[in-house]
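At position 98 of the sequence shown (counting the first as 1) the number is 98 in my numbering, and the numbers step up by one without a gap. We treat Cβ as the ideally placed atom computed from N, Cα and C, and that holds for glycine. These numbers were taken from a predicted model, which means no experiment stands behind them.
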Amino acid sequence: MASRIEHRTTFSADLASAWDAVASEAALRARLEQIGGDDAELLEYVPAEDGVRYKLRQGISSDKLPSAVRTLHRGDLVVEREQIWRAGGAGYTGGATASVHGVPGEITAKTSLTGDGEQTTLVNSGEVKVRIPFVGGKLENVIAEQVVKLLEREAEFVAKWLAER
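Rendered as C-alpha cells:
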C-alpha cells in the first residue's frame, strides 16, 4: 500500500519568472544552500531545448526526524531526487523520483507548472512506497508528511526568490 502526496501552490508571477525560480540552476543551488539540509548538493543539471533534468541530494539530520523514523533507521537520512521537466501546453509537466538511502522503497510524483497571466501554479502529486513488512505503512505516512513539509518549504523559497527579483 502507498501513501499519497499532494501539494499545490500558486505564485504571484508569470510562467517564465516562476519557471526560472523553480528550475534554473542558480535557483536550485540557492535553494539547496538555504533549505537542502546536511551535505546538500546539485549532483547533475542537464538543460534541454524543451526542459531540464536534474538530480539533487538532500540530508535530514537524525535529530530532526520523528521518533517513528529513528526507531527504524539509524543515523541521518540521505535523499536523492531526480526531476525531469518538459515544456508543453500552458507550461511544463514532468516527473520526479526519490529514494532514501537505507530504506527499501521509493517516492514518485507527477509535477506541473502552469501559468495564467500573472499567476503560476505548481502541483506535485505522487506516492510513497516502503517495502518493510508490518511497519512499511507507518513509515510511508511519516515520509509522506515530511515530503509535503519539504515541498512547502521549497514553495516558500520560490515565493521569496520571486519577490526579491
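Residues that DSSP places opposite residue i in a beta bridge
i	result
W85	V52 and G94
S99	E80
E127	R4 and T108
E44	K55
L122	T9 and L113
Buried or exposed (CB count within 10 angstroms, at least 16 for buried), residue i
i	result
F134	exposed
R8	exposed
V46	exposed
G89	exposed
E118	exposed
E154	buried
A98	buried
G136	buried
L28	buried
L77	buried
A26	exposed
L43	exposed
A109	buried
Beta carbon of residue i nearer than 8 Å to that of residue j
i	j	result
I143	V130	yes
S112	G126	no
A30	R57	no
G94	R86	yes
G51	I84	yes
E140	V148	no
F11	A2	no
I60	G37	yes
L162	A23	no
Three-way DSSP call (helix, strand, coil) for residue i in this model
i	result
A109	strand
I35	helix
V142	helix
D14	coil
G117	coil
E156	helix
S61	coil
R165	coil
V135	coil
E67	The identity of residue 67 in the sequence shown is Ser, whereas the question assumes Glu. Of the three classes helix, strand and coil, the one that applies to S67 here is helix, per DSSP.
Assumed close pair residue i, residue j - CB separation to whole angstroms, cut-off 8 Å
i	j	result
D14	G115	6 Å
V79	V100	5 Å
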